[in-house]
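Numbering-wise, the sequence shown is residues 1282 to 1452 according to my numbering. We put the CB at the ideal spot given by N, CA and C, even for glycine. Working notes for the structure below.
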Amino acid sequence: MQTMTSPAALAHPAQDFLPLNGTDHLEFYVGNAKQSAYYYQAAFGFELVAYAGPETGVRDRASYVLQQNKIRFVLTTSLLPDSDITRHVAQHGDGVKVMALWVDDARRSFEETTRRGAKAAFEPYTIADEHGSVTLAGIRTYGETVHTFVERGSYNGPFLPGFVARGSSVP
């Protein structure tokens, strides 16, 4: 059987300019993160693993991190009447805002994708706590969705710096 592939194409295989290790998490902007977290735990069997909000020093939002096997959801609600989160939920309802991709090098992933025409959502930056550091960078995709590159390295905290471990209270 003959193919249309030229011998030259076979001699130079394509290089993966954006090696992805997997999906890190999906972040939903929701009207009520606490209620949504309860629903995902009760209806789908997700476990609450981490939290960030006023009790952890985050004054503008509350985020609940839920996990089931390799799937991790972050449910975020605004605590302010006028914020990007509030406007997003008012315009679109509850829905995915961030698709976070686990990579080995967030800066390189950002540079490679923006060099190829992706629009920057935010420049690479590093956050840290007593568990280590994580580097994040973001590009815009369709609509208002952001793809965030997450470089965890040897970070061993419950989710990201600023989050504390939490356990499920749903039977």
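Are the Cβ atoms of residue i and residue j separated by less than 8 Å?
{"i": "Phe1309", "j": "Leu1356", "result": "yes"}
{"i": "Ala1402", "j": "Arg1421", "result": "yes"}
{"i": "Leu1347", "j": "Tyr1319", "result": "no"}
{"i": "Val1427", "j": "Gly1438", "result": "no"}
Quick check: the Cα distance between residue i and residue j, rounded to an integer number of angstroms?
{"i": "Leu1404", "j": "Val1339", "result": "Here the sequence assigns Glu to residue 1404, which means Leu is not the residue at that position. Each residue's Cα considered, the two are about 21 Å apart."}
{"i": "Leu1451", "j": "Asn1313", "result": "Residue identity check: residue 1451 is Val in the sequence provided, not Leu. Rounded to the nearest angstrom, the two C-alpha atoms are 17 Å apart."}
{"i": "Leu1360", "j": "Val1311", "result": "11 Å"}
{"i": "Phe1298", "j": "Glu1392", "result": "10 Å"}
{"i": "Thr1394", "j": "Leu1307", "result": "20 Å"}
{"i": "Arg1396", "j": "Asn1350", "result": "34 Å"}
{"i": "Val1377", "j": "Gln1296", "result": "30 Å"}
Which residues mark the beginning and the end of the alpha helix (DSSP H) in which residue i is found?
{"i": "Arg1389", "result": "Ala1387 to Arg1396"}
State the beta-bridge partners of residue i as determined by DSSP.
{"i": "Val1451", "result": "According to DSSP, which records beta bridges pairwise, Val1451 is partnered with nothing at all."}
{"i": "Phe1430", "result": "Leu1382 and Ala1418"}
{"i": "Arg1342", "result": "Ser1359"}
Buried or exposed: where does residue i fall if 16 or more other Cβ atoms within 10 Å of its Cβ makes it buried?
{"i": "Ala1333", "result": "buried"}
{"i": "Ser1390", "result": "buried"}
{"i": "Gly1448", "result": "exposed"}
Over the uninterrupted beta strand (DSSP E) stretch that includes residue i, give me the two end residues.
{"i": "Ala1399", "result": "No beta strand (DSSP E) contains Ala1399, which DSSP labels as neither H nor E."}
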